[in-house]
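Colleague:
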Amino acid sequence: MIANNGGNGIGRTAGITNSVIRDNRGYGAGLPGQRVVRGSYGPDGRRIEASAVEDVLSGRWSAPPSYAEPGHAGRFRFTISGDCRSFSGTWGFGPAESGDGAWTGSRVSDDPTRAAMVIAAYRGTLCRDPERGALAYWAGASVSQAGLEAELRASAEYAALQPARNAYLGILARDPVLGDCQGLRYWAGTGLGQTGIEPHLGASDEGRRIRGIRDLYIELLGRDPLGLDTAALRHWAISGLTLDGIRQAILASDEYRRRPR
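Using numbering that gives the first Met the number 0, the letters of the sequence shown correspond one by one to residues 0 to 260.
1) Out of 73, 212, 122, point me to the one whose CA is closest to residue 95's CA.
2) Would the beta-carbon of residue 124 fall within 8 Å of that of residue 167?
3) Quick check on DSSP: helix, strand or coil for residue 242?
4) Leaving out five residues on either side along the sequence, give the residues of the same chain with a beta carbon under 7 Å from the beta carbon of residue 147.
5) In the DSSP assignment, what residue or residues form a beta bridge with residue 56?
6) Could you give the distance in angstroms between the alpha-carbon of residue 61 and the alpha-carbon of residue 133?
7) Pull up the distance between the alpha-carbon of residue 151 and that of residue 254, whole angstroms please.
8) In terms of alpha-carbon separation, which member of 65, 141, 176, 225 lies closest to residue 161?
9) Assuming residue 78 and residue 54 form a contact by the criterion Cβ under 8 Å, report the distance between their Cβ atoms to the nearest whole angstrom.
10) Take residue 67 and list the residues in its own chain whose beta-carbon comes closer than 8 Å to its own, dropping the five residues that flank it on each side.
11) Closer than 6 Å by C-beta to residue 257: which residues in its own chain qualify, once you throw out the five before and the five after it? Chain order, please.
12) When the distance is taken between beta carbons, is residue 205 closer than 8 Å to residue 240?
13) So, is residue 234 buried or exposed, given that buried needs 16 or more other C-beta atoms within 10 angstroms?
14) In three-state DSSP terms, what is residue 135?
15) Please classify residue 261: does DSSP put it in a helix, a strand, or coil?
16) Given this structure, state the Cα-to-Cα distance separating residue 50 from residue 185, to the nearest angstrom.
17) Can you tell me the Cβ-Cβ gap for residue 263 and residue 183, rounded? I've got them flagged as a contact below 8 Å.
18) What is the DSSP secondary structure of residue 222, counted as helix, strand or coil?
19) Which partner residues does residue 101 have in the DSSP bridge list?
20) Given this structure, state the Cα-to-Cα distance separating residue 215 from residue 246, to the nearest angstrom.
21) Would you mind reading off the limits of the alpha helix (DSSP H) that contains residue 253?
22) Within 10 angstroms of its Cβ, does residue 99 collect 16 or more other Cβ (buried), or is it exposed?
23) Between the Cα of residue 232 and the Cα atoms of 145, 208, 221, 103, which residue gives the shortest distance?
24) Since residue 85 contacts residue 58 with CB under 8 Å, what's their CB separation in whole angstroms?
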């Protein structure tokens, strides 16, 4: 939503102050590509239909009663601020984007539940908060959290995180998206790839402990807990027991007593 302090009106002299542009698709300031924006502003049902490319929003405005040129419709062009909180531009009647007045204003708060959904989707897929422009766009769009997460998983950024994420899963038996975004993004930024990252994780205290527990399972129970029994592996990893203590616990387990001889 955008509040404007000086927009177009019915006729060439009337103006609208402190109105709100309510868009039902959001606007894509700072986003690549083109986004469609449709909405309304003013108490009498004025409308906008526009395209957002990077930080420029341009399109058509219309007003009652006819919503048609030449007296009740025209064009506008805004520049959206980098933080998506304000805009400034011009408007005109008919095909002109300027010549009949300035149009400036500020953006008012989006639905906090929508903003929280967008933040959760970004954190759960890209392991970071969204940029302000992306937050403004997706909070105003009609997409669900599952739909947004699907969009993010199709991105190059998501793909670039997967080698490091897979290294965590394979060496440390945990998903870094769940609490270790700083580590995930650090290793993803090194460009080492999964096979280059794995030795570094394996040489860490955590990596050596995980390897030791896996070796105990293989030796005593004849199976590797990684994958099918990762929850048990992580349980022992954070138990505080020494490897010898874990060995004694496995030796006392029903599974050990029932193992094939």
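Every residue gets a Cβ at the ideal spot worked out from N, C-alpha and C, and that includes glycine.
Modeller: In terms of the structure at hand:
1) Residue numbering aside, residue 95 sits at position 96 when the sequence shown is read from its first letter. Of the candidates 73, 212, 122, the one whose C-alpha sits nearest the C-alpha of residue 95 is 73.
2) Start at 1 with the first residue of the sequence shown, and residue 124 comes out as number 125. Start at 1 with the first residue of the sequence shown, and residue 167 comes out as number 168. For residue 124 and residue 167, no; Cβs fall outside 8 Å.
3) Within the sequence shown, residue 242 is the residue found at index 243, counting from 1. Helix, per DSSP.
4) Within the sequence shown, the letter at position 148 stands for residue 147. Here the set comprises 117, 120, 137.
5) Here residue 56 corresponds to residue number 57 of the sequence shown, with the count starting at 1. In DSSP, residue 56 forms a bridge with 51, 77.
6) Against the sequence shown, residue 61 aligns to sequence position 62. Against the sequence shown, residue 133 aligns to sequence position 134. Rounded to the nearest angstrom, the two C-alpha atoms are 27 Å apart.
7) Here residue 151 refers to the residue found at position 152 when the sequence shown is read from its first residue. Here residue 254 refers to the residue found at position 255 when the sequence shown is read from its first residue. The alpha-carbon atoms of residue 151 and residue 254 are separated by roughly 42 Å.
8) On the sequence shown, position 162 is the one that residue 161 refers to. Checked all of 65, 141, 176, 225; the closest Cα to residue 161 is 176.
9) Counting from 1 along the sequence shown, the entry for residue 78 is found at position 79. Counting from 1 along the sequence shown, the entry for residue 54 is found at position 55. Rounded, the Cβ-Cβ distance is 6 Å, consistent with contact.
10) Along the sequence shown, one-based indexing puts residue 67 at 68. The residues are 61.
11) Start at 1 with the first residue of the sequence shown, and residue 257 comes out as number 258. Around residue 257: no qualifying Cβ.
12) Here residue 240 refers to the residue found at position 241 of the sequence shown. Here residue 205 refers to the residue found at position 206 of the sequence shown. No, they are not a contact pair.
13) By one-based count along the sequence shown, residue 234 stands at place 235. Its Cβ having fewer than 16 others within 10 Å, residue 234 is exposed.
14) Position 136 of the sequence shown holds residue 135. DSSP places residue 135 in helix when its eight states are reduced to three.
15) This structure gives no information on residue 261, because the portion of the chain shown stretches from 0 to 260.
16) Counted from its first residue, the sequence shown places residue 50 at position 51. Counted from its first residue, the sequence shown places residue 185 at position 186. Going by the C-alpha atoms only, they are around 36 Å apart.
17) Past the boundaries of the shown model lies residue 263; the chain is included only from 0 to 260, so the question cannot be answered.
18) As a first step, residue 222 must be located in the sequence shown, where it is residue number 223. It is coil, neither helix nor strand.
19) For the purposes of this step, residue 101 is taken as the residue at position 102 of the sequence shown. Per DSSP, 89.
20) Reading the sequence shown from its first residue, position 216 is the one you call residue 215. Reading the sequence shown from its first residue, position 247 is the one you call residue 246. Going by the C-alpha atoms only, they are around 7 Å apart.
21) Counting from one through the sequence shown, the residue named residue 253 turns up at place 254. Residues 253-257.
22) Translated into positions along the sequence shown, residue 99 becomes position 100. Classification of residue 99: buried, given that the 10 Å Cβ count is 16 or more.
23) In the sequence shown, counting from the first residue as 1, residue 232 sits at position 233. Residue 208 is the option with its Cα nearest to residue 232.
24) Against the sequence shown, residue 85 aligns to sequence position 86. Against the sequence shown, residue 58 aligns to sequence position 59. Rounded, the Cβ-Cβ distance is 18 Å, inconsistent with contact.
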